[in-house]
Amino acid sequence: MLEQVHSSVSNVEMEPAFRAFFENSKDVCLIIEGEGERAGCVLLGNPAAARLHGYTLEEFHELHIRDLLFSEDLDLIPARVGKVRTGETVIFESIHRHKDGSRIPIEVMASPLHLNGRNLIMSIGRDLTERKNAEKYIQEGERFIERITVASPDIIYVFDLTAQRSVYANRHIADVLGYSPAEIHDMGDNFPPMLIHPEDRHIPPYQEERWRHTSDGQVVESEYRMRHKNGQWRWFTVRDTVFKKDAAGRVIQIVGTACDNTSRIRAEQSRKQSLSVLNAALESTEDGILVVSREEKITAFNKKFLSLWSIDPSLMELNDDRRLVAQVVDQLTDPDDFMRRVSELYQDWEKEAHDVLHFKDGRVFERYSKPQYIGDEIAGRVWSFRDVTAREQKEASLRDSEERFKRLQEASFGGICIHDQGRIIDANQGLALMTGYTIDELVGLDGFQLVAPEFREHVAQKVRLRHELPYDAVGVKKDGTKFHVEIQGKNIPFRNREVRVTEFRDISNRKMVEEAIREQNVRLTSIAENLTRKNAQLEEFTQIVSHNLRSPAGNIGSLVSLMEQSQGEEQQEYLKYLKESIQVLLNTLNQLNEVLRIKQDTSIKRQKVRFDDVYQNVRQMLLTRIQELNAEALVDFSEVTELNYPHIYLESIMLNLMANALKYHSPRRKPIIKLRSFRKGKDVYLEVRDNGLGIDLVKYGHHMFKMRKTFHQHPDGQGLGLFLIKNQIEAMGGEITVESQVNKGATFFVNFTKYSRP
Amino acid sequence: MNSASHALPVIAVVDDDSVYQFTATRTIKATQLANQILQFQNGQEALDYLSGHLKELDILPDIIFLDINMPITDGWMFLEEFNKIKADLGKDILIYMVSSSIDPRDLNRAKSNPMVSDYVEKPISLNRFAELLRSRS
Chain A
778 MLEQVHSSVS
788 NVEMEPAFRA
798 FFENSKDVCL
808 IIEGEGERAG
818 CVLLGNPAAA
828 RLHGYTLEEF
838 HELHIRDLLF
848 SEDLDLIPAR
858 VGKVRTGETV
868 IFESIHRHKD
878 GSRIPIEVMA
888 SPLHLNGRNL
898 IMSIGRDLTE
908 RKNAEKYIQE
918 GERFIERITV
928 ASPDIIYVFD
938 LTAQRSVYAN
948 RHIADVLGYS
958 PAEIHDMGDN
968 FPPMLIHPED
978 RHIPPYQEER
988 WRHTSDGQVV
998 ESEYRMRHKN
1008 GQWRWFTVRD
1018 TVFKKDAAGR
1028 VIQIVGTACD
1038 NTSRIRAEQS
1048 RKQSLSVLNA
1058 ALESTEDGIL
1068 VVSREEKITA
1078 FNKKFLSLWS
1088 IDPSLMELND
1098 DRRLVAQVVD
1108 QLTDPDDFMR
1118 RVSELYQDWE
1128 KEAHDVLHFK
1138 DGRVFERYSK
1148 PQYIGDEIAG
1158 RVWSFRDVTA
1168 REQKEASLRD
1178 SEERFKRLQE
1188 ASFGGICIHD
1198 QGRIIDANQG
1208 LALMTGYTID
1218 ELVGLDGFQL
1228 VAPEFREHVA
1238 QKVRLRHELP
1248 YDAVGVKKDG
1258 TKFHVEIQGK
1268 NIPFRNREVR
1278 VTEFRDISNR
1288 KMVEEAIREQ
1298 NVRLTSIAEN
1308 LTRKNAQLEE
1318 FTQIVSHNLR
1328 SPAGNIGSLV
1338 SLMEQSQGEE
1348 QQEYLKYLKE
1358 SIQVLLNTLN
1368 QLNEVLRIKQ
1378 DTSIKRQKVR
1388 FDDVYQNVRQ
1398 MLLTRIQELN
1408 AEALVDFSEV
1418 TELNYPHIYL
1428 ESIMLNLMAN
1438 ALKYHSPRRK
1448 PIIKLRSFRK
1458 GKDVYLEVRD
1468 NGLGIDLVKY
1478 GHHMFKMRKT
1488 FHQHPDGQGL
1498 GLFLIKNQIE
1508 AMGGEITVES
1518 QVNKGATFFV
1528 NFTKYSRP
Chain B
346 MNSASHALPV
356 IAVVDDDSVY
366 QFTATRTIKA
376 TQLANQILQF
386 QNGQEALDYL
396 SGHLKELDIL
406 PDIIFLDINM
416 PITDGWMFLE
426 EFNKIKADLG
436 KDILIYMVSS
446 SIDPRDLNRA
456 KSNPMVSDYV
466 EKPISLNRFA
476 ELLRSRS
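Encoded structure:
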């Protein structure tokens, strides 16, 4: 039968081009019997049809259309054939059955073919497997993208560069920015200005030019801030890529993902910030810093570290602490010890260490080493080095001087303390012994506690004025006893401040000696005064002897020698003068005798003498003279009524002073004599005041009380009385003085007790 | 000194001791070296005389024997006052301090005063007066 079809077809004068198409077409071409009992039999099929269904060409020609279909589609055959018979071209999709039973999606176009009066059906089929697969793939892809857009925490959007608006955004944008995709869509052109931070608006690649030289698939990454609907600024990392180009190849849409990185970026910024602070701190410190990881790699160091250790920066690039140590260790005086300690610390990472490093060149470093923690984990070790050479030297010299000072003050006999405005910083054993405190008690004590309260202000002033000379004060011991002390202080610099070193010297002994000396001095002074007075009296006496005795004696000698050379009446005249001179001599001797008696009679009895009684006696003795002169005597002995004194001396004193007053009265006025006893201080006085001639004391004062002095050209002036009473007064330990003005009068003061106070 | 320069000097004795005045005057006369002898009981009297006869050369003394210890105005006071009138006096006057005091202080004080020619102890013998009166010429 196949031959028949063949022959019938071959009978058809087929054009060679048609045959070539038929043979080479990739589409399935079948010619099927359209009527009769053989309707549906495959009359002719091309190689592509045989291949698609898994048959050889020979096998294929014996098939019925039913063999190429699955049973569920067989019912469709009569209807489709019927349609084609009516002359229609029918296009439908169907599933053919492969020889092995697999399904072949196929699109079929069936049309009537009238050939030599036979109604045939021409069916052209196209294998849909690939298309179906592609469609399926596309469907899956779309679902995949949909899932991604849903599942992604990122915003996925499409931005139209021409319209300058977002044309798509996934739902996630609502979570991230608080706006629904619809709201974003509605923002239109306002999207960038509304959401992007003013400072960042230049960042998103929303200009067409930005994409002009960008190849497909290239991603542009940027970071900028957008405002959440709640007003907060959020940081986004945005990745954009080309989505759509126009016919001219210009990019018109981009697709992008925006990831909210606020916390990461903030952390990053804060990390950068702290890193820069750390670096600044690292470089600004005076210490050399080296940080080494647990792997003994160098994590960080500063320039100071390099300069302290004279390290070439290139050495640091090796990033190996062991090699670094080996390079620098020889600078130290004891490299082995240093190595040993470094190893120890690298074995015990938790250990903290503080050492002093001595360099061969004399420098001294302090080294601190501490573990570096990240959280609770030890990440490495931090080494810091400080050049303390200058400080060491200073401290050494300070220690030295402190030591010397300590020895000095321990060796001192005095009490020494160092104090700061009174607060004792240090004290020696001497001060402890002197005050009864222990040294421990003294240190910290207010130094003014060691000074008697009445001297504290005095001492405080010396401290304030930085007084440096010794001065005396009174100290107080712990038990409250006081002692004389000499204090001497000096301000000195001490540990960067000014303190005062104060020395106490116990001068109780000196004070006692001084007291004794002072008493002795008083005694000696009084003795000396006494001696001076005695000496003055002795001088008077010498003068009296030399003058008052030698004068008449000399006269007698002269007269005798003149007498020898004379005769008669002339001799009588000499004899008269001779007698006169002898009388003068005798008088003088008597007077001297009287004075000598006064001076020698130191045991003359004192007795209670009433001034008024004595005065009444004296007045009686002078009564004639008083009446002659019509003189007036005013007496007042009420202040001191009586005196413990030799009666005859007081009588002599009063008699002579009153007689003197009467004798030197002024002829121009009525003589008035005032007598008064009084007490002044501890002394008892008698005052005798007259209104007489007075005495020129400037001229005669120094001669007032001497023997045989007369200061008036007055017939009665013999100048004996004052000399006598002066001796009486002085013998009893008193003094007589005079005040006077010429022609106004004179006042004599007798101080009975001046040198004999009870 | 003109007329008196070749004649005998006028002498003044200033002393409160009348017996001494007497013996001194007699002794000076006995030397026969004095023209006239003036007697004063104390320094004040002598000063009053000198002040009253400043330019009367004939009766101004050429030599004064001056006692130290006198009432009213003693020898020292006299010297002070004399110093004040000395320039007004018509002649240079020699002054001898005279005393029975043997106090060395008196001696030194007298010798240290430029107005005093010498210090003479009492009593003064005839020979001593003669020596002193001659030394002037």
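In order, the protein sequence lines correspond to chains A and B. So the first sequence is numbered by the numbering used here: it starts at 778 and just counts up by one. So the second sequence is numbered by the numbering used here: it starts at 346 and just counts up by one. Backbone N, C-alpha and C fix where the C-beta goes; we use that ideal spot for every residue, glycine too.
Put simply, the CB of LEU1352 (chain A) is far from chain B, with every gap to its CB atoms at 8 Å or more. Beta-bridge partners assigned by DSSP to PRO882 (chain A): A:ILE872. Under the Cβ criterion of 8 Å, VAL461 (chain B) is not counted among the residues facing chain A. Residues of the segment 1384-1411 of chain A that bring their beta carbon within less than 8 Å of a beta carbon in chain B are absent altogether.
Contact annotation for PHE367 (chain B) against chain A: TYR1354 [CB-CB distance below 7 Å, chain order]. Listed in chain order, the beta strand (DSSP E) runs fully inside the segment 982-1048 of chain A are 997-1004, 1010-1022, 1028-1037, counting runs of at least 3 residues. Looking at the DSSP output, ASN1528 (chain A) shares a beta bridge with A:TYR1462, A:GLU1512. Partner residues in the beta bridge of ILE808 (chain A), as assigned by DSSP, are A:LEU821, A:MET899. For ALA928 (chain A), the enclosing alpha helix (DSSP H) has its first and last residue at 906-928. Contacts between LYS467 (chain B) and chain A, judged by CB atoms closer than 8 Å, involve ARG1327, SER1328, GLY1331 in chain order. The DSSP-derived three-state label of GLY1065 (chain A) is strand. Any Cβ of chain A closer than 8 Å to the Cβ of THR370 (chain B) would place that residue at the interface, and such an atom is absent.
In the structure shown, GLU839 (chain A) adopts coil according to DSSP, grouped into three states.
Here VAL1395 (chain A) is not near LEU1420 (chain A), since their CB atoms are 8 Å or more apart. Of the candidates B:LYS436, B:ILE430, B:GLN377, B:LYS436 places its Cα closest to the Cα of GLU401 (chain B). Cβ-Cβ separation between ASP1064 (chain A) and SER1161 (chain A): approximately 4 Å, consistent with a contact (criterion under 8 Å).
Assignment of beta-bridge partners to GLY435 (chain B) by DSSP yields no partner.
In the DSSP annotation of this structure, the continuous segment of the beta strand (DSSP E) that includes PRO1270 (chain A) starts and ends at 1259-1271. The beta carbon of GLU1512 (chain A) sits closer than 6 Å to those of ASN1528, LYS1531, all from its chain and outside the five residues before and after it, given in chain order.
Taking 8 Å as the CB threshold, SER1380 (chain A) stays off the interface with chain B.
With the rule of 3 Cβ pairs closer than 8 Å, the segment 1147-1166 of chain A counts as touching the segment 1127-1138 of chain A. Within 8 Å of the CB of GLY1334 (chain A), the CB atoms of chain B belong to PRO468, in sequence order along the chain. DSSP places TRP1160 (chain A) in the strand class (E or B) of the three-state scheme.
If you compare the alpha carbons of A:ILE881, A:LYS876, A:ILE898, A:LEU892 with that of ARG862 (chain A), the shortest gap goes to A:ILE898. Residue contact with chain A for VAL359 (chain B): absent (no Cβ-Cβ distance below 8 Å to any residue of chain A).
The three-state reading of DSSP puts VAL1417 (chain A) in coil, since its state is none of H, G, I, E or B. With a cutoff of 8 Å on beta-carbon distance, GLY1192 (chain A) and PHE1281 (chain A) are scored as near each other. The C-beta of LEU1474 (chain A) comes no closer than 8 Å to any C-beta of chain B.
Secondary structure within the segment 373-417 of chain B: the beta strand (DSSP E) runs of 3 or more consecutive residues, fully enclosed, are 381-385, 408-412 (chain order).
For SER1358 (chain A), the neighbours in chain B by C-beta distance under 7 Å run, in chain order, VAL364. In this structure, ALA455 (chain B) keeps its C-beta atom at 8 Å or more from the C-beta atom of PHE423 (chain B).
The segment 1027-1037 of chain A makes contact with the segment 932-941 of chain A, as at least three CB pairs between them are under 8 Å. Straight through space, the alpha carbons of ALA375 (chain B) and TYR394 (chain B) are spaced by roughly 25 Å.
In the structure shown, PRO1247 (chain A) falls within a coil segment according to DSSP collapsed to helix, strand and coil. In this structure, the CA atom of ILE1304 (chain A) is about 25 Å from the CA atom of VAL1515 (chain A).
The DSSP-derived three-state label of GLN941 (chain A) is coil.
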